[in-house]
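Peer 1: Here's a structure for you.
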Amino acid sequence: MMVFPDGRRTTIRDGGDPAGRPVLFHHGTPSTRLAAGLVDAAAVRHGVRLVSFDRPGYAGADDSPPGLASVGRDAIAVADALGLDRFATVGVSGGGPYALATALAAPGRVTAVAVVAGIGPWRLINPVDPGDEERDLLAQADAGDTAAALAGFRRGLASENGDILAIVDDEALVDAYLDGAPSDDLKWLDAPKRRLWAADMRAGLPSLDGYARDNVSWGGVWDIDVTAVTVPVHLFYGSADRLVPPSHGRWLADRLPEATLTTFPGAGHGTASYDRWDEIFAAL
Numbered sequence: 001m002m003v004f005p006d007g008r009r010t011t012i013r014d015g016g017d018p019a020g021r022p023v024l025f026h027h028g029t030p031s032t033r034l035a036a037g038l039v040d041a042a043a044v045r046h047g048v049r050l051v052s053f054d055r056p057g058y059a060g061a062d063d064s065p066p067g068l069a070s071v072g073r074d075a076i077a078v079a080d081a082l083g084l085d086r087f088a089t090v091g092v093s094g095g096g097p098y099a100l101a102t103a104l105a106a107p108g109r110v111t112a113v114a115v116v117a118g119i120g121p122w123r124l125i126n127p128v129d130p131g132d133e134e135r136d137l138l139a140q141a142d143a144g145d146t147a148a149a150l151a152g153f154r155r156g157l158a159s160e161n162g163d164i165l166a167i168v169d170d171e172a173l174v175d176a177y178l179d180g181a182p183s184d185d186l187k188w189l190d191a192p193k194r195r196l197w198a199a200d201m202r203a204g205l206p207s208l209d210g211y212a213r214d215n216v217s218w219g220g221v222w223d224i225d226v227t228a229v230t231v232p233v234h235l236f237y238g239s240a241d242r243l244v245p246p247s248h249g250r251w252l253a254d255r256l257p258e259a260t261l262t263t264f265p266g267a268g269h270g271t272a273s274y275d276r277w278d279e280i281f282a283a284l
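Anchor point for the sequence shown: position 278 equals 278 in UniProt numbering, and the numbering is continuous, going up by one each time.
See below:
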């Protein structure tokens, strides 16, 4: 357990190669620090010390108002607590924007960034759908009623995920959560990783605070300026990703001063997020 200067608490996972070069991992949405364990083997192969922590509202970490920049500052505090001077950072899926925020929080300390199937400001990227409930909730946040937006997201997420957490068997839980995902996109998910995935879900979903906070943080108006990121940013996306399509990567690449965009042919969201880490760690 770590306590931030303002008294909030989080939990840190310190994995990979203990003697390796440090990389700070921002988990996806919904998820926790445990997700970094899915890529531990690749981290060891590449001599990477892989540090992750629970974002506000996840797995017992104290909640905080929505925002990307504040999590970037949290990441620097985690690095300080571990005595990490210079390090790279990576964000997966919903964690992508927070990796960019980390680079902005300490540009002299972050050496490189990887955004892996990372979400962009989707309201700017996707066509407008006036009937979309999420857009309506985010409009409330835009108007200053963040509490109403968060409450609305919690209600919707509880309706979507409540039955899943009632499942006792880990295998059945994973199957239920991934129901509808293309089978080709799940080949990387072997038995040990399925158990870890289930543990991550059980840790991350009981409180929907973090899930709702993420949706408002990167669904709303971003409080970071990606054009001000001065370090190299490596963008990785799957060409067949229906959840976070490559258009998000192209949007970021068009605005980041020093970006490299790699698209994995035929890869869906799961494959892009968790099955190409030899390339990702090599880039960092």
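The beta-carbon is built from N, C-alpha and C at its ideal position, and this holds for glycine as well.
Thinking just about the alpha-carbon of each residue, which of S273, D85, L84, A240 is nearest to the one in P182?
Peer 2: Taking the sequence shown and counting its residues from 1, the one referred to as residue 182 is at position 182. It is A240 whose Cα lies nearest to the Cα of P182.
Peer 1: Reducing DSSP to helix, strand and coil, say where T32 ends up.
Peer 2: Here residue 32 refers to the residue found at position 32 of the sequence shown. Looking at T32 - three-state DSSP - the assignment turns out to be coil, as it is neither helix nor strand.
Peer 1: Can you look up V174 in the DSSP assignment and give me helix, strand or coil?
Peer 2: Start at 1 with the first residue of the sequence shown, and residue 174 comes out as number 174. V174 falls in the helix class under three-state DSSP.
Peer 1: Hey, could you find the ends of the alpha helix (DSSP H) P97 is sitting in?
Peer 2: For the purposes of this step, residue 97 is taken as the residue at position 97 of the sequence shown. Residues 96 to 105.
Peer 1: On the DSSP letters alone, give me the boundaries of the beta strand (DSSP E) that T263 sits inside.
Peer 2: As a working note, residue 263 is residue 263 in the sequence shown. Where T263 is concerned, the enclosing beta strand (DSSP E) stretches over 259 to 264.
Peer 1: Name the DSSP bridge partner or partners of I164?
Peer 2: As a position in the sequence shown, residue 164 is number 164, starting the count at 1. According to DSSP, which records beta bridges pairwise, I164 is partnered with nothing at all.
Peer 1: According to DSSP, is F4 helix, strand or coil?
Peer 2: Sequence index remark: in the sequence shown, residue 4 carries index 4 (1-based). In the structure shown, F4 sits in coil (DSSP, three-state: anything other than H, G, I, E or B).
Peer 1: With a threshold of 8 angstroms, are at least 3 pairs of Cβ atoms found where one atom belongs to the segment 240 to 252 and the other to the segment 113 to 128?
Peer 2: These segments touch.
Peer 1: Let me confirm a value: G162 is counted as buried when at least 16 other C-beta atoms fall within 10 Å, else exposed. Which label applies?
Peer 2: For the purposes of this step, residue 162 is taken as the residue at position 162 of the sequence shown. Its Cβ having fewer than 16 others within 10 Å, G162 is exposed.
Peer 1: How many Å lie between A35 and D145 at the Cα?
Peer 2: As a position in the sequence shown, residue 35 is number 35, starting the count at 1. As a position in the sequence shown, residue 145 is number 145, starting the count at 1. If you take the alpha carbons of A35 and D145, they lie about 32 angstroms apart.
Peer 1: Just the Cα atoms here: how many angstroms apart are D169 and P30?
Peer 2: Position 169 of the sequence shown, counted from the start, is the residue given in the question as residue 169. Position 30 of the sequence shown, counted from the start, is the residue given in the question as residue 30. Distance between the alpha carbons of D169 and P30 is about 19 angstroms.
Peer 1: From P18 to T10, what distance separates their C-alpha atoms?
Peer 2: The count along the sequence shown starts at 1 and reaches residue 18 at position 18. The count along the sequence shown starts at 1 and reaches residue 10 at position 10. Taking the straight line from one Cα to the other gives about 21 angstroms.
Peer 1: Looking only at C-alpha atoms, which of A141, N126, P5 sits nearest to H248?
Peer 2: By one-based count along the sequence shown, residue 248 stands at place 248. Per the Cα distances, N126.
Peer 1: DSSP three-state label for L157, please.
Peer 2: Within the sequence shown, the letter at position 157 stands for residue 157. Note: L157 maps to helix in three-state DSSP.
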